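Number of protein chains: 2
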Amino acid sequence: MSMQNDRCDLPSSDKTSAHPSHGALSLLTHIALARGDMSRSDLVDTTGLSRVTVGQRLNELFEHRLIVEAERTKSSGGRPTRPVTLNQDAGLIAVADLGETHVHFGLTDLDARLLIEDTTAFDIRQPPGETLDLISDGIGDLMSRLGGDGRRLAGLGLSLPAPVNFQAATVEGPSVMTGWDNFDIRGHLARRLPVPVMVDNDVNLLAISTVAGMQDRSAQIVFIKVGTGIGCGIIADGLVFRGANGAAGDVGHMQLTAEPDKLCRCGKLGCVEAVAGGWAIARDLRALGIEAETARDVADLVRQNVPEAIQLVRRAGRVVGEVVASLVSVLNPGRIVVGGMMAETGEHLLSGVREIVYQRCLSLATRDLTISMAPHDPSAGLHGAALLVRETIFTPANVAETTIRLLSPPEAARQSA
Amino acid sequence: MSMQNDRCDLPSSDKTSAHPSHGALSLLTHIALARGDMSRSDLVDTTGLSRVTVGQRLNELFEHRLIVEAERTKSSGGRPTRPVTLNQDAGLIAVADLGETHVHFGLTDLDARLLIEDTTAFDIRQPPGETLDLISDGIGDLMSRLGGDGRRLAGLGLSLPAPVNFQAATVEGPSVMTGWDNFDIRGHLARRLPVPVMVDNDVNLLAISTVAGMQDRSAQIVFIKVGTGIGCGIIADGLVFRGANGAAGDVGHMQLTAEPDKLCRCGKLGCVEAVAGGWAIARDLRALGIEAETARDVADLVRQNVPEAIQLVRRAGRVVGEVVASLVSVLNPGRIVVGGMMAETGEHLLSGVREIVYQRCLSLATRDLTISMAPHDPSAGLHGAALLVRETIFTPANVAETTIRLLSPPEAARQSA
DNA sequence: CAGTTTATGATAAAATCAATACATAAGTAT
DNA sequence: ATACTTATGTATTGATTTTATCATAAACTG
Chain A
1 MSMQNDRCDL PSSDKTSAHP SHGALSLLTH IALARGDMSR SDLVDTTGLS RVTVGQRLNE
61 LFEHRLIVEA ERTKSSGGRP TRPVTLNQDA GLIAVADLGE THVHFGLTDL DARLLIEDTT
121 AFDIRQPPGE TLDLISDGIG DLMSRLGGDG RRLAGLGLSL PAPVNFQAAT VEGPSVMTGW
181 DNFDIRGHLA RRLPVPVMVD NDVNLLAIST VAGMQDRSAQ IVFIKVGTGI GCGIIADGLV
241 FRGANGAAGD VGHMQLTAEP DKLCRCGKLG CVEAVAGGWA IARDLRALGI EAETARDVAD
301 LVRQNVPEAI QLVRRAGRVV GEVVASLVSV LNPGRIVVGG MMAETGEHLL SGVREIVYQR
361 CLSLATRDLT ISMAPHDPSA GLHGAALLVR ETIFTPANVA ETTIRLLSPP EAARQSA
Chain B
418 MSMQNDRCDL PSSDKTSAHP SHGALSLLTH IALARGDMSR SDLVDTTGLS RVTVGQRLNE
478 LFEHRLIVEA ERTKSSGGRP TRPVTLNQDA GLIAVADLGE THVHFGLTDL DARLLIEDTT
538 AFDIRQPPGE TLDLISDGIG DLMSRLGGDG RRLAGLGLSL PAPVNFQAAT VEGPSVMTGW
598 DNFDIRGHLA RRLPVPVMVD NDVNLLAIST VAGMQDRSAQ IVFIKVGTGI GCGIIADGLV
658 FRGANGAAGD VGHMQLTAEP DKLCRCGKLG CVEAVAGGWA IARDLRALGI EAETARDVAD
718 LVRQNVPEAI QLVRRAGRVV GEVVASLVSV LNPGRIVVGG MMAETGEHLL SGVREIVYQR
778 CLSLATRDLT ISMAPHDPSA GLHGAALLVR ETIFTPANVA ETTIRLLSPP EAARQSA
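The listed protein sequences derive, respectively, from chains A and B. Counted from 1, the first sequence has number 296 at position 296 by my numbering; the numbering is strictly sequential. Counted from 1, the second sequence has number 621 at position 204 by my numbering; the numbering is strictly sequential.
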């Protein structure tokens with residue numbers, strides 16, 4: 001589009017213009033946001049463009065190394081397709097997952113595969129600015145450890161254990177993250193990490209990571225995390241359901257239990273978390289004279305087959321089951337995935353959940369329902385955060401900026417082939 | 418702009434080609450699916466097309482009378498915009514709302530405004546084929562009563578009091594609609610009414626009708642209907658949340674109540690419907706020696722200030738409040754609208770709902786929440802059904818078929834101008 | 001192995017769309 | 001009123017995209 005005819009014919013000197021055309025970028029979003037690899041034919045079908053145009057634009061994207069050929073798989077009677085896919089090595093995604101005691105951070109490729117990671121202890125009550133500096137320093141460190149191979153940072157994804165205003169990328173409402181309420185996360189990070197910053201609730205990101213591993217992208221799934229606290233992420237047709245204030249799925253303080261006397265850390269009585277949260281089980285174990293402080297302690301005791309711990313976890317399972325029964329009645333998901341520290345105790349928690357759900361809910365809502373345990377994956381939060389960043393930066397509105405960022409020369413020249 | 422070259426120039430005989438171009442149709446979807454009227458400038462911005470192209474395509478659409486000029490309103494310092502809007506008179510939408518005892522049907526214009534309607538008594542237990550024939554006959558009757566003014570039928574929307582598989586347009590699972598399970602509604606109607614048929618749950622359509630009346634299309638709203646039974650429709654960012662089996666919002670049989678002894682008509686104990694449903698209140702009134710059969714009877718008694726009825730409705734309000742509290746915790750909607758026969762008793766029901774919700778839910782979820790009563794509108798279901806049809810038939814995938822249908826000559830010629 | 005099927009590449013003519021420049025319309029601000 | 005601002009119409013030119021045609025590649029079928 002820019003320079004058509006440099007001097008004479010032979011535009012071959014560099015037909016590769018400085019930046020992909022608008023049309024090529026539009027095709028790139030199709031490729032980047034599609035669930036799997038796309039063949040030329042798939043692209044023709046889904047975009048409505050002609051084969052010629054698709055071919056031209058793909059060449060453009062190849063020249064910029066934004067896409068690569070993928071495994072040729074399908075063969076339906078004729079010549080197999082030649083799928084293309086986003087070049088996972090065209091950039092890096094920075095991710096960080098704030099827990100209550102540690103911050104877990106790392107770098108992934110554009111396919112959200114974790115390349116390098118690290119963990120640092122921190123205090124969630126320290127001022128947000130300090131925590132964010134900790135993260136940007138950590139990311140910078142990882143970048144240099146990875147070596148300057150020319151890959152640019154495409155974005156940063158942040159997982160926070162709090163309700164998040166997704167649009168504004170701020171923490172909403174009071175939570176364990178004191179001082180974060182409405183703190184300008186993007187503003188603070190802008191200088192140190194001048195890349196797009198996406199922030200989301202930890203459970204939403206776990207849910208995103210979970211659906212990514214499933215065949216059916218349009219699935220209706222709920223990921224419920226039972227750890228120290230309780231919360232869930234809701235995904236319908238590939239979209240996260242966030243609610244009006246980012247508080248959708250904040251089910252830890254529903255009052256469903258038949259044990260209305262338990263005092264919750266939120267100050268109310270009878271919250272499910274006050275019975276089924278890891279902290280509540282630890283409290284109840286201590287009342288029985290058993291040493292337990294954290295959710296991890298509880299899980300360890302269950303693994304050691306301490307009967308009191310098992311019993312309390314099973315009770316928790318039934319209480320969580322009441323929450324899940326509500327979720328199923330309201331949302332009619334196709335799949336419930338239970339994760340978090342308490343879910344890693346095996347079937348003890350799940351059996352209680354299943355018992356209550358199949359007893360409470362209508363058969364229509366449960367006949368195709370599967371309730372399963374999340375695979376143990378300590379970096380699932382990072383994975384989800386990276387997926388979120390990828391989905392965002394290749395949006396039609398953002399592709400142009402993203403490719404500019406990815407293609408900008410690091411400092412040295414990167415002569416083509 | 419109107420008359421280019423009436424007779425002379427040869428091809429002028431009808432520059433108006435038989436059918437709008439692909440590009441024009443693509444613009445038509447933008448106009449038809451936009452929330453309000455779109456000015457030329459708006460269209461340039463939202464479509465990314467050039468002003469010239471937009472102008473050309475609009476002319477094409479004007480020539481086919483698919484769009485009309487709308488009220489010129491906005492004026493931001495300069496010449497006011499000249500918005501266009503879908504020509505509401507370019508076609509008709511047939512709608513039908515099946516209740517438990519009556520079927521309510523009508524015809525609307527393309528803006529979902531009801532033009533003519535009728536009601537027929539029927540038995541919901543009669544075979545689906547007969548009921549559908551009843552509807553197609555009724556629609557045909559209304560069409561002739563409206564007079565053959567050349568407007569073609571663009572689609573049919575059906576509101577059913579049952580869980581619906583939206584894609585397949587079938588009733589899912591056992592319900593009050595015996596015999597409808599998996600009945601091929603589209604197949605049966607195809608001969609008599611050869612138009613696109615959309616089927617949805619009654620509550621979803623009430624929810625659609627409700628959001629249409631609101632400013633913010635991206636609102637998160639829940640419409641909960643408390644009539645004979647209880648159910649709700651969930652809308653997020655303009656999309657209906659239907660769940661995996663179309664059973665999302667089927668909250669009538671959640672077991673939340675502190676009155677676990679009530680037998681529900683579903684056979685289980687302690688369903689909310691068994692306490693708060695219209696049929697349950699009528700049952701409890703009869704137990705007190707007060708004549709009441711239907712939800713309407715209960716509402717009438719409340720309006721007559723019969724204290725027992727008021728008391729039971731207030732109790733129902735608190736039980737519904739428990740359901741709504743669950744909905745709020747799970748979905749964090751910005752707005753709850755309570756409708757149905759029981760809601761028409763004024764504030765008696767609502768006060769109970771508010772009491773429980775504000776007591777149970779986290780302040781983050783309730784601080785921006787409004788809980789209001791649905792305006793009394795017996796044709797809200799038809800309105801919602803028509804809106805659903807409109808949204809569907811102007812989808813990119815369907816515009817072409819729809820315009821062909823709308824522009825096909827009825828029989829007599831419709832000479833231009 | 002020859003024939004069939006599906007996927008893709010290359011090329012030129014035809015159609016469509018965007019950019020530009022110019023002109024006009026219909027408001028608001030002063 | 002006059003200037004300014006925003007919205008829109010029109011015509012020309014050039015760029016992009018499609019259509020149509022021909023050609024080739026790489027599987028599968030029998």
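Ideal Cβ positions, reconstructed from N, Cα and C, are used throughout, including at glycine. Quick caveat: nothing in here was measured; it's all calculated off a predicted structure.
Beta-carbon neighbours of residue i, restricted to chain A and to distances below 7 Å
i      : result
B/E818 : Simply none; closest approach about 16 Å.
B/P580 : L364
B/E589 : L364
Alpha-carbon to alpha-carbon, residue j and residue i
i      : j      : result
A/D133 : B/R807 : 51 Å
A/L382 : A/A236 : 21 Å
A/H348 : A/I371 : 13 Å
B/M560 : B/R603 : 20 Å
B/L563 : B/L460 : 34 Å
A/H64  : A/M38  : 18 Å
A/W180 : B/A691 : 45 Å
B/D514 : B/L622 : 10 Å
B/D678 : B/E488 : 59 Å
B/L606 : B/P613 : 10 Å
A/V330 : B/D667 : 6 Å
A/V222 : A/A207 : 7 Å
B/S458 : B/T498 : 8 Å
B/M671 : A/R360 : 7 Å
A/F105 : A/A386 : 11 Å
A/A380 : B/L767 : 43 Å
A/S326 : B/L805 : 28 Å
A/I393 : B/G644 : 46 Å
B/H519 : B/T548 : 11 Å
Where residue i falls, given that 16 or more other Cβ within 10 Å makes a residue buried
i      : result
B/A579 : buried
A/R7   : Residue confidence is low: A/R7 scores 33 on pLDDT, short of 50, so the model does not pin down where it sits. No coordinate-derived value is stated.
A/R113 : exposed
A/G36  : exposed
A/A18  : exposed
A/N182 : exposed
A/A121 : exposed
B/Q721 : exposed
A/L263 : exposed
A/D297 : buried
B/T820 : buried
A/T366 : buried
Residues that DSSP places opposite residue i in a beta bridge
i      : result
A/F105 : A/A96, A/D118
B/D554 : For B/D554, which the question treats as bridged, DSSP gives no partner whatsoever.
A/M38  : A/V84
B/T787 : B/R752
B/T781 : Reading the sequence as shown, one finds Leu at residue 781 of chain B and not Thr. None, per the DSSP bridge assignment.
A/F223 : A/G233, A/V337
A/I67  : A/L86
A/L269 : A/L263
A/V240 : A/I235
Interface residues of chain B facing residue i [CB-CB closer than 8 Å]
i      : result
A/D368 : A661, N662
A/D250 : S746, N749, L779, L781, A782
A/F241 : A653, F658, L748
A/Q167 : In chain order: nothing, as chain B lies at least about 10 Å away.
Cross-chain neighbours of residue i in chain A, by beta carbon under 9 Å
i      : result
B/M671 : A325, S326, S329, V330, R360, C361
Per-residue contacts from residue i into chain A (C-beta, under 8 Å)
i      : result
B/F600 : Residues of chain A passing the Cβ test: none, with the nearest at roughly 16 Å.
Proximal residues of chain B, C-beta to C-beta of residue i below 7 Å
i      : result
A/Q220 : G660, A661
Item to check | 4 or more residues per run - each alpha helix (DSSP H) lying fully within the region 562-633 of chain B | outcome: 602-606, 619-629
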